[in-house]
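What follows is a set of notes on a single structure, which appears directly below.
Residue numbers (my numbering): -3 to 105.
Shown next as structure tokens:
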């Protein structure tokens, strides 16, 4: 899936999952990147029972990132104040170092 951020494009391999799935909860950090098509629903996330940091991308209809956040394990509520259409969850693992670098830069995660 091509995602746009600050007029740049990055290709992120994703696995589409149902809206009400558990996401990264109870999974390993080697899980695929997960894509949730929310179709206009405004939801909050949680990282209870996620044992590793991950990146959340809130994306609009044109696949432009409107907000992102690096989430630590066991965070109660994760949400965005901006309007979005879908969410991508990117676990921190060796396959996703390039993606984290694209959004976060070289700062410590």
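Ideal placement from N, C-alpha and C gives every residue a C-beta, glycine not left out. Keep in mind that this is a model prediction, so the values were computed, not measured.
According to the DSSP assignment, residue 95 belongs to no beta strand (DSSP E) but to the alpha helix (DSSP H) extending over 93 to 100. For residue 39, the secondary structure class from DSSP, reduced to helix, strand or coil, is coil. Nearest Cα to residue 34 within the set 80, 90, 101: 80.
Residue 33 has 82 as its beta-bridge partners, per DSSP.
Counting the other CB atoms within 10 Å of its CB gives residue 17 a total below 16, which places it among the exposed residues.
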